[in-house]
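For the sequence shown, the numbering used here gives the first residue as 2, with consecutive numbering after it. We put the CB at the ideal spot given by N, CA and C, even for glycine. Below: the structure, in structure tokens.
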Amino acid sequence: MSNKFAMRMGGQNDPRYLSVDNLSKFAAEIGVGQRGLKRELAGLVEKVEAIAPGVAEEYRQQFDPPVIVGRIEKVLTQRLNKARGMW
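Okay, here's the thing in structure tokens:
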């Protein structure tokens, strides 16, 4: 398993180390303003938070509680908390 993005975001390809500076640089590289980036990031966090529990439960019911689901939820929670705190 890899912690790498498919492509770099503002010079960073590991989401564990993604910073506000990386996101700002990435936004500039793709021609998106800071407000737009913040709005999209907040919207993404909201959407993932809304559907993640249901998806996890669906997998637990369908696949005889796989241990990996709990691990994925833990990482997802960490990444969402980090994204929420970026602005």
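Short of 8 Å from the beta carbon of Gly37, and not among the five residues preceding or following it, lie these beta carbons of its own chain, in chain order: Ala28. Proximity to Val46 across Ala84, Trp88 and Lys5 peaks at Ala84, based on C-alpha coordinates. One Cα belongs to Asp65, the other to Ala51, and the distance between them is close to 23 Å. Membership of Lys83 in the alpha helix (DSSP H) is indicated by the continuous run Val68 to Arg85. Distance between Arg80 and Pro16, taken at the CA atoms: about 8 Å. Its chain contains Tyr60 as the residues whose beta carbon lies nearer than 7 Å to that of Pro67, once the 5 sequence neighbours on both sides are disregarded; these appear in chain order.
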